[in-house]
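Residue numbers (the working numbering): 2 to 341. A virtual CB, placed ideally from N, CA and C, is assigned to each residue, including glycine. The structure displayed is predicted, hence computed values, not measured ones. I have placed the structure first, in the form of structure tokens, so that the comments after it can refer back to it.
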């Protein structure tokens with residue numbers, strides 16, 4: 002059996018292989034953040050296709066925290082029913098299902114919403130200048146993450162991921178490029194990590210200890226004065242004691258910056274995070290062939306691999322990957338006739 006198709010257990014979640022579908026916005030909810038038939042088909046297809054762990058797209062914990070006006074939400078109990086149907090269908094086909102709890106902060110693209118951020122600095126000319134968050138705002142958002150996690154539990158997810166990457170709200174606190182505060186939430190690395198630490202702590206008050214919690218980070222900001230993998234690893238070490246089990250390592254999008262992207266370009270960041278924190282990591286970045294994924298895992302560079310665009314192009318990539326690596330995995334019985 003290849004490493005790619007070996008099982009992995011994190012807390013009470015045993016995943017059938019090391020293939021992760023990362024969160025990717027579909028911009029397809031209704032105007033109030035409810036799931037539509039598209040979401041059920043989209044996620045269930047990847048479960049049928051053999052992915053081990055599927056993380057639902059950025060799901061806003063506040064209405065003003067949406068990346069777009071068509072983002073899924075978990076800010077209201079009415080969201081739970083539709084999401085629970087998706088979770089049940091994904092699990093029925095053998096995959097584990099997670100949800101990314103998110104707040105867009107200054108990168109909220111929904112018209113007319115209250116743009117908030119740690120400091121009043123716009124991402125670029127297409128976004129407005131956000132309002133600097135008060136302590137009351139900070140407490141409200143922390144409570145919103147907690148409430149979102151409670152609803153995620155109601156919907157039946159196996160794992161929650163806290164979105165602390167790609168220039169969205171938590172990442173805005175972590176980065177010295179976007180956080181110019183002079184209170185206890187800004188300045189030193191320890192202070193910049195405080196908001197994430199408090200979010201994780203609040204989520205853990207409602208998310209059971211036996212269930213895993215993941216954090217997605219932008220390990221490299223590609224800009225002078227920004228965070229690098231060693232900085233992010235140090236912040237994770239400050240936060241992990243609150244109940245973090247695994248790190249999803251991405252990069253960029255904190256400020257407009259050119260990224261030199263090539264197959265596996267983020268794996269080296271994951272290696273640094275893994276080595277410095279001792280936590281399991283998920284790595285990715287233009288991984289398209291199973292041999293590359295196998296090499297990353299076999300050499301201990303990461304514990305799982307994520308495939309984003311490749312799973313959009315080919316929902317059945319895991320089935321084909323197993324064939325190429327010589328692994329005889331179970332196919333959906335409806336598709337068995339095409340296995341040989």
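Out of curiosity, what's the CA-to-CA distance linking residue i and residue j?
{"i": "residue 85", "j": "residue 66", "result": "21 Å"}
{"i": "residue 147", "j": "residue 63", "result": "11 Å"}
{"i": "residue 364", "j": "residue 81", "result": "Outside the displayed range of the chain (2 to 341) lies residue 364, so it cannot be described from this structure."}
{"i": "residue 170", "j": "residue 259", "result": "21 Å"}
{"i": "residue 214", "j": "residue 285", "result": "19 Å"}
{"i": "residue 340", "j": "residue 321", "result": "9 Å"}
{"i": "residue 314", "j": "residue 100", "result": "21 Å"}
{"i": "residue 328", "j": "residue 2", "result": "6 Å"}
{"i": "residue 299", "j": "residue 311", "result": "21 Å"}
{"i": "residue 143", "j": "residue 200", "result": "5 Å"}
{"i": "residue 76", "j": "residue 61", "result": "7 Å"}
{"i": "residue 33", "j": "residue 152", "result": "16 Å"}
{"i": "residue 243", "j": "residue 111", "result": "32 Å"}
{"i": "residue 136", "j": "residue 226", "result": "26 Å"}
{"i": "residue 177", "j": "residue 165", "result": "14 Å"}
Have a look at the options and flag the residue whose alpha-carbon is nearest the alpha-carbon of residue i.
{"i": "residue 139", "options": "230, 331, 198, 327", "result": "198"}
{"i": "residue 288", "options": "2, 263, 274, 269", "result": "263"}
{"i": "residue 4", "options": "309, 26, 150, 53", "result": "53"}
{"i": "residue 342", "options": "12, 15, 31, 72", "result": "There is no way to answer for residue 342, as the model of the chain reaches only from 2 to 341."}
{"i": "residue 127", "options": "143, 109, 303, 46", "result": "109"}
{"i": "residue 36", "options": "20, 78, 144", "result": "78"}
{"i": "residue 175", "options": "97, 106, 159", "result": "106"}
{"i": "residue 202", "options": "245, 58, 118, 296", "result": "245"}
{"i": "residue 57", "options": "256, 102, 188", "result": "102"}
{"i": "residue 134", "options": "185, 223, 159, 335", "result": "185"}
{"i": "residue 87", "options": "276, 131, 318, 159", "result": "159"}
{"i": "residue 205", "options": "167, 163, 271, 223", "result": "163"}
{"i": "residue 257", "options": "222, 330, 60, 290", "result": "222"}
{"i": "residue 336", "options": "167, 243, 51", "result": "51"}
{"i": "residue 118", "options": "112, 172, 145", "result": "172"}
{"i": "residue 325", "options": "290, 68, 334, 307", "result": "290"}
{"i": "residue 83", "options": "157, 296, 145, 270", "result": "157"}
Grab me the residues of residue i's own chain with a C-beta within less than 8 Å of its C-beta, minus the 5 sequence neighbours each way, in chain order.
{"i": "residue 274", "result": "218, 220, 230, 233, 234, 237, 248, 250, 280, 282"}
{"i": "residue 30", "result": "36, 37, 40, 71, 72, 73, 74"}
{"i": "residue 11", "result": "160, 213, 246, 247, 281"}
Can you list, in chain order, the residues of its chain with a C-beta nearer than 6 Å to that of residue i? Leave out the 5 residues immediately preceding and following it.
{"i": "residue 18", "result": "6, 53"}
Considering only residues of the same chain and omitting the five flanking positions on each side of residue i, which have a CB-CB separation below 7 Å?
{"i": "residue 45", "result": "90, 91, 94"}
{"i": "residue 16", "result": "8, 9, 53, 54, 97"}
{"i": "residue 208", "result": "150, 154, 161, 214"}
Quick one: is the Cβ of residue i within less than 6 Å of any heavy atom of the ligand NAD?
{"i": "residue 191", "result": "The ligand NAD is not part of the structure shown, which contains no ligands of any sort."}
Given 8 Å, three or more beta-carbon pairs between the stretch 249-264 and the stretch 192-212 = no
Tell me the start and end of each unbroken beta strand (DSSP E) in the stretch 25-106 that is at least 3 residues and wholly inside, in chain order.
-> Here the runs fully enclosed are 54-61, 97-103.
Between the stretch 264-272 and the stretch 238-247, are three or more C-beta pairs nearer than 8 Å?
-> no
Would the stretch 175-188 and the stretch 119-138 be scored as touching if the rule is three or more Cβ pairs under 8 Å?
-> yes
Completely contained beta strand (DSSP E) runs for the stretch 121-165, where each covers 3 or more residues | 160-165
In chain order, each alpha helix (DSSP H) run of at least 4 residues that lies wholly inside the stretch 210-284 = With a minimum length of 4 residues, the continuous alpha helix (DSSP H) runs that stay inside the stretch 210-284 are 230-240, 268-278.
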